[in-house]
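Participant: My questions will all concern the structure given below.
Number of protein chains: 4
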Amino acid sequence: MAIVLGPNQYGKAENRVVRITRDSARHEIRDLNVSTALRGDFSAAHLVGDQSQVLPTDTQKQTAYSYAKEKGVESIEAYGLELARHFVDDVVPVEGARIEIEEYAWEHAIVDGEEHEHTFVRLGQEVRTASITVEGKGAEQKTWVIGGLKDLVLLKSTGSEFHGFLTDEYTRLEPTTDRVMATALVAQWRFTETELDWNAVYAGVKRILIKQFAVLHSLALQQTLYEMGKAVLEEYPFIAEIKFSAPNKHHFLYNLETFGVENNNEVFHADDRPYGLIQATVMRDDAPDAGPAWTPAANLA
Amino acid sequence: MAIVLGPNQYGKAENRVVRITRDSARHEIRDLNVSTALRGDFSAAHLVGDQSQVLPTDTQKQTAYSYAKEKGVESIEAYGLELARHFVDDVVPVEGARIEIEEYAWEHAIVDGEEHEHTFVRLGQEVRTASITVEGKGAEQKTWVIGGLKDLVLLKSTGSEFHGFLTDEYTRLEPTTDRVMATALVAQWRFTETELDWNAVYAGVKRILIKQFAVLHSLALQQTLYEMGKAVLEEYPFIAEIKFSAPNKHHFLYNLETFGVENNNEVFHADDRPYGLIQATVMRDDAPDAGPAWTPAANLA
Amino acid sequence: MAIVLGPNQYGKAENRVVRITRDSARHEIRDLNVSTALRGDFSAAHLVGDQSQVLPTDTQKQTAYSYAKEKGVESIEAYGLELARHFVDDVVPVEGARIEIEEYAWEHAIVDGEEHEHTFVRLGQEVRTASITVEGKGAEQKTWVIGGLKDLVLLKSTGSEFHGFLTDEYTRLEPTTDRVMATALVAQWRFTETELDWNAVYAGVKRILIKQFAVLHSLALQQTLYEMGKAVLEEYPFIAEIKFSAPNKHHFLYNLETFGVENNNEVFHADDRPYGLIQATVMRDDAPDAGPAWTPAANLA
Amino acid sequence: MAIVLGPNQYGKAENRVVRITRDSARHEIRDLNVSTALRGDFSAAHLVGDQSQVLPTDTQKQTAYSYAKEKGVESIEAYGLELARHFVDDVVPVEGARIEIEEYAWEHAIVDGEEHEHTFVRLGQEVRTASITVEGKGAEQKTWVIGGLKDLVLLKSTGSEFHGFLTDEYTRLEPTTDRVMATALVAQWRFTETELDWNAVYAGVKRILIKQFAVLHSLALQQTLYEMGKAVLEEYPFIAEIKFSAPNKHHFLYNLETFGVENNNEVFHADDRPYGLIQATVMRDDAPDAGPAWTPAANLA
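Note that the protein sequences, when read in sequence, are chains Z, L, C and V.
The opening position of the first sequence corresponds to residue 57 in the working numbering, with each subsequent residue numbered one higher.
The opening position of the second sequence corresponds to residue 57 in the working numbering, with each subsequent residue numbered one higher.
The opening position of the third sequence corresponds to residue 57 in the working numbering, with each subsequent residue numbered one higher.
The opening position of the fourth sequence corresponds to residue 57 in the working numbering, with each subsequent residue numbered one higher.
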């Protein structure tokens, strides 16, 4: 029996890269939070403190900012691919790279009914995400791209039921045929291609997710998630699987009866904790191997 | 010399009241965070633990939820006025009430180009705020209403300068004629009337603030705030003053020259802390007395 | 009627200054979050963008870091006084300065039962605070010092009652003679002197607050706060007043009876929101004028 | 090619269970945040909204609170094992359960030098964690227990170097032989036994981690983590592996030279973002299979 070094990675987390495009009078903005993680044989650094195979996290940061100009940020997926490939291709000890990016959306400010050319208002809604993994050098190189979003807060004020559930001696929940259903959706979808119109696909997936949440008369949040995922996969053949993490943000009907006030699903208390948490994957049965696609840049929190 | 009880107040903070209007197939939603604070002579509770003059914070909570149905939530200002007047008018020991409300905006989900009737997406942008103070009973009663917003994140990618400033031996800042200017705006405006189309005014103030931020070629964030406030007061005669708190969210130009990469105000690091903080009031010189209008429900944090 | 500039101030918020003392093998650490705000006639900056009277917030930052070495950080009160006096005394247009500081406590790591000389563990408990205001130049200069703490989380598992309260038609709360009482205390105390052993006083006030919370059999959180404040004022003649903001962090007794399980004040749900919020001032009846002592560096949030 | 349901789980997250032991005059408190997740064949709920195999998340919550009394909370590991085994053993469709618990530490308040019997101060330092996984019924059942902590903030003011690293064209970092090293440690260790004195082991692991952080003259955070893990494994034969996630919380030496002020590693700026992030596993080479031990209750964030 010996004590050994197991899986490890290191990088620079949360580089707040802002890229302004100002080639014309109308500017555009990309507002990113970029995390990098490198994988390879860094055992000398762990075992004896020898850094000769370690590209500093500061260098990873410098590269992330410089690439925002050198390669541009047409989309977070494309920019992330450039960064990941650079680290694996150009840094000898690096055998794999993981790039995770969050993007905060802005829109042009409206002034007298027109979009202002260089003033922006942050939208503040969902955060767009991407996770790029590149492994191996040369002809053996493999690439995985995951697109996603988080904090997309959705609510249906009717059209949602919950009943017929399993019960045991601790069950006190009353079944209902009309409840508020709300979630702050996290969704991530794995691509099988690396050359796509990433921005168009993102807009399309978001549109489909919202539509399915709306139109499905829901018997469970599980069912809603499944239909959302199925619709995305039906639309985009180059998406192999989609994963959801959906808190059931409870809106409890407030008891107004005690005051002689009718409450016909009109007044609710939005509770913080605890919350239900539903997680599901919808996938193609012939989805190619996910490999390290789902292994995050930070594997403990 | 004696030790005495000084200013005090108590209430229920952060009631998460959600009000759905479902009188027709098209639902509407008001998503509120309501805090109440009562003022009066509660010295017996402090000095000897006698609660006979203390309406429990739990009762204040019950009232906030019930009023969301009994009085409705046409606007947070109107709903807050109902709550504040109730506590002062109907609870004998209460001599003053302060109601503070945050509202989170939602929009109807778009499905196939149409607004869905009962599905909503949280906008996530700025938070609308209102602070209502009522003092005194009967004919002596006085009322103050403050509208506002917070977390409206604005950015100009050009059209902002900063130079000609005072210097001393600790000054190292370089003057600039072209910088990114960004803020997460907090604004609060004090009304001199209590019967208004609150929602229309809110939309108007927000529109004006954004416009002035955009169109003023700025020599300082101070100047921008002043012009924003001035434009609001010029438009609405029933607004006596407007206060701003504006963090200068620094976007530092990233040094790419060292890599031989030109950076013509295109790549920035968005820094977290520290940040400049500019606060200013723009007011009419004949503004009526603010009284307790600016005394918050929570006076320490 | 004219539109005019009202009260205003500006500064650099949240400078994260860390000061290590390493004059001997045993190091010490002061971990600060420093905010500065300057007051005076800055109307030219607001009205026409003229910065000639504006010392940049960047300069304020540089000064805060440099003073951590030049003047040292024996206590946050003493360091804050140095900074405030410098801005008012040495910068011509500055008529008043407000310095607000948070301090995060660390202790020496324990290794084999001994304190390690240069390794520290952050305590993570309450945050110590100080707010210093200096106004006027030369002989006219006035100074106010406020000490404080926040996020001191206290809980009593018995020894707390709540009954005999005022009721109305919305009251449903049941009186109780034994409840959990918990709070995350904010306290700020105003000094009448500026030359004190600040660190010793801080330790003493904290000790007294905790003791009174513990030993008073409480009939209301209001009563507990009053006794805490009274004891502090009785101990320290140079403290004129103390203000509290105390959320009543509700611990709701969980209904286990439905499962045939006895719950004799043993299992609770710690709820997040809403929460009661009690605020009170305990003061000497001959306390000198507070002037701007309580006017914060950020007056809107 | 068909679209199918992939991996899924559901549960109740963040139940804020507080357990007071009051069997004698001296009370004790356990303050927990409990998340449950159930695994099994719930495809009917996803595919057609049939809940007949779904034990509601509300029932999971009720059970968590009731078990705090029925089984007690001697340690979070023992309590989590009770909950996990209950769901798998007693609920027919449940094939696996994952329980994740955070514990917030309190200590008895000190009054006149003595511990007060029923008043507590929250420590606020690190959060203790546990993750329990049970899979399979009857004789086939397997169990994994992970202990851990997070947010243990450590700092060395000397005794840390970083040099000799790999460089490329983006490297601008200067090597150093004396820097501040600080982290907010996350550590999780996997047990190979399920009957242990969990509280004693927790205290021991924490003690060892702090000691190794202190005594190792560090050439890299990687090296420090490895030595910390190695020492834990050497002490406890029933720990198979330990994983670390350690942000390198940068403390940048502040340039005071420009003011003619010497800064001999005495004044630093504590920066927020970006930060280095080092992750490493230290394990026995004969560690038994981890199975689902590291699969969290929430697999996307």
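For every residue, glycine included, the Cβ atom is placed at its ideal position computed from N, Cα and C.
If the cut-off is 7 Å on Cβ atoms, which residues from the region 306-328 of chain Z count as contacting chain C, listed in chain order?
Facilitator: If the cut-off is 7 Å between Cβ atoms, the region 306-328 of chain Z has Thr314, Phe315, Asp328 near chain C.
Participant: How big is the Cα-Cα spacing for His102/Z and Gly332/Z?
Facilitator: C-alpha separation (whole angstroms): 40 Å.
Participant: How would you list, in chain order, the residues of chain Z whose beta-carbon sits under 9 Å from the beta-carbon of Met237/V?
Facilitator: Result: empty, since nearest Cβ-Cβ is about 12 Å, beyond 9 Å.
Participant: Give the secondary structure of Asp97/V by DSSP, where H, G and I count as helix, E and B as strand, and everything else as coil.
Facilitator: Looking at Asp97/V - three-state DSSP - the assignment turns out to be coil, as it is neither helix nor strand.
Participant: Any beta-carbon of chain L closer than 9 Å to the one on Ala256/C?
Facilitator: No, because no Cβ of chain L sits closer than 9 Å to the Cβ of Ala256/C.
Participant: Measure from the alpha carbon of Arg95/V to the alpha carbon of each residue in Thr250/V, Asn71/V, Glu151/V, then state which is nearest.
Facilitator: Checked all of Thr250/V, Asn71/V, Glu151/V; the closest Cα to Arg95/V is Glu151/V.
Participant: With a threshold of 9 Å between beta-carbons, can Arg340/Z be considered close to chain C, or not?
Facilitator: No, Arg340/Z does not count as interfacial toward chain C.
Participant: Taking the beta carbon of Val148/V as the centre, do at least 16 other beta carbons fall within 10 Å, making it buried, or is it exposed?
Facilitator: Exposed, since its Cβ has fewer than 16 Cβ neighbours within 10 Å.
Participant: Name the residue from Ala165/L, Ser274/L, Thr337/L, Ser301/L whose alpha carbon lies nearest to the alpha carbon of Leu265/Z.
Facilitator: It is Ala165/L.
Participant: Let me check one thing: in DSSP terms, what residues is Trp350/C bridge-paired to?
Facilitator: According to DSSP, which records beta bridges pairwise, Trp350/C is partnered with nothing at all.
Participant: Quick one: which unbroken beta strand (DSSP E) runs of 3-plus residues sit fully inside the region 155-179 of chain C? Chain order, please.
Facilitator: As far as the region 155-179 of chain C is concerned, its whole beta strand (DSSP E) runs of at least 3 residues are 162-167, 170-178.
Participant: Quick check: Leu211/L and Glu182/L, are their CB atoms within less than 9 Å of each other?
Facilitator: The answer is no: Cβ separation not under 9 Å.
Participant: Nearest-angstrom Cα distance between Leu111/V and Lys286/V?
Facilitator: If I take the Cα positions, the gap works out to 42 Å.
Participant: Please say whether Arg78/Z and Ser213/L have beta carbons closer to each other than 9 Å?
Facilitator: For Ser213/L and Arg78/Z, yes; Cβs fall inside 9 Å.
Participant: Using 10 angstroms around the beta-carbon of Thr314/V, count the other beta-carbons present and answer buried if the total reaches 16, otherwise exposed.
Facilitator: Under this definition Thr314/V is an exposed residue.
Participant: Of all the options Ile59/Z, Asp114/Z, Arg75/Z, Thr351/Z, which has the alpha carbon lying nearest to the alpha carbon of Tyr226/V?
Facilitator: Nearest option by C-alpha distance: Asp114/Z.
Participant: Closer than 9 Å by beta-carbon distance: list the chain V residues that pair up with Ile266/C, in chain order.
Facilitator: Within 9 Å Cβ-Cβ: Ala165, Ile166, Val167, His172, Thr175, Val177.
Participant: On the DSSP letters alone, give me the boundaries of the beta strand (DSSP E) that Val148/L sits inside.
Facilitator: First-last for Val148/L: undefined, no H or E at that position.
Participant: Taking the straight line between their C-alpha atoms, what separation do you get for Gln118/L and Leu312/Z?
Facilitator: When rounded, the distance between both Cα atoms is 8 Å.
Participant: Can you pull out the residues from the region 213-234 of chain V whose beta carbon lies closer than 8 Å to at least one beta carbon of chain L?
Facilitator: So the close ones are Glu225, Tyr226, Arg228.
Participant: If you draw a straight line from the alpha carbon of Asn89/C to that of Glu322/V, how long is it in whole angstroms?
Facilitator: Approximately 16 Å between the Cα atoms of the pair.
Participant: Could you give the residue range of the beta strand (DSSP E) that holds Lys305/Z?
Facilitator: Counting along the chain, Lys305/Z falls outside any beta strand (DSSP E), and DSSP gives it neither H nor E.
Participant: Measure from the C-beta of Phe294/C to each C-beta in chain L and report whether the shortest distance is under 9 Å.
Facilitator: It does not: the Cβ of Phe294/C has no partner Cβ on chain L nearer than 9 Å.
Participant: If the cut is a Cβ gap below 9 Å, which residues of chain V does Gln181/C touch?
Facilitator: In chain order: Val177, Arg178, Leu179, Gly180, Gln181.
Participant: Just to confirm the assignment, what range does the beta strand (DSSP E) spanning Val183/Z have?
Facilitator: Run containing Val183/Z: 183-191, per the beta strand (DSSP E) assignment.
Participant: Determine the burial state of Ala81/Z: buried for a count of at least 16 other Cβ atoms within 10 Å of its Cβ, exposed for fewer.
Facilitator: Counting Cβ neighbours within 10 Å, Ala81/Z comes out exposed, since fewer than 16 surround it.
Participant: Excluding the 5 residues flanking Tyr282/V on each side, which residues of the same chain have their C-beta closer than 8 Å to its C-beta?
Facilitator: Excluding positions up to five away in sequence, the list reads Ala336, Val338.
Participant: Which of the three DSSP states is assigned to Asn320/Z in this structure?
Facilitator: In this structure, Asn320/Z counts as coil in the three-state DSSP scheme.
Participant: Check distances from the C-beta atoms of the region 144-163 of chain L to those of chain C and list, in chain order, the residues that come in under 9 Å.
Facilitator: Per Cβ criterion, the list reads Asp146, Val147, Val148, Pro149.
Participant: Please state whether the Cβ-Cβ distance between Ala243/Z and Leu277/Z is less than 9 Å.
Facilitator: In this structure, Leu277/Z does not lie closer than 9 Å to Ala243/Z by Cβ.
Participant: Using a threshold of 9 Å, state whether the C-beta atoms of Thr92/V and Ala124/V are closer than that.
Facilitator: Taking 9 Å as the Cβ cut-off, Thr92/V and Ala124/V do not qualify as a contacting pair.
Participant: Enumerate in chain order the residues of its own chain whose CB-to-CB distance from Tyr160/V is below 7 Å, with the five nearest sequence positions on each side excluded.
Facilitator: If we look at Tyr160/V and ignore the five residues flanking it on each side, its Cβ neighbours are Asp87, Arg178, Val183.
Participant: List the residues that DSSP assigns as beta-bridge partners of Gly204/V.
Facilitator: Its beta-bridge partners are Thr185/V, Gln244/V.
Participant: Taking only three categories from DSSP, how would you classify Leu103/C?
Facilitator: It is helical.
Participant: For Val144/L, does the count of other Cβ atoms within 10 angstroms reach 16, so buried, or fall short, so exposed?
Facilitator: It is buried - the Cβ of Val144/L has at least 16 other Cβ atoms within 10 Å.
Participant: Determine whether the beta carbon atoms of Arg359/Z and Ile59/V lie at a separation below 9 Å.
Facilitator: There is simply no residue 359/Z to check, as chain Z begins at 57 and stops at 357 in what is shown.
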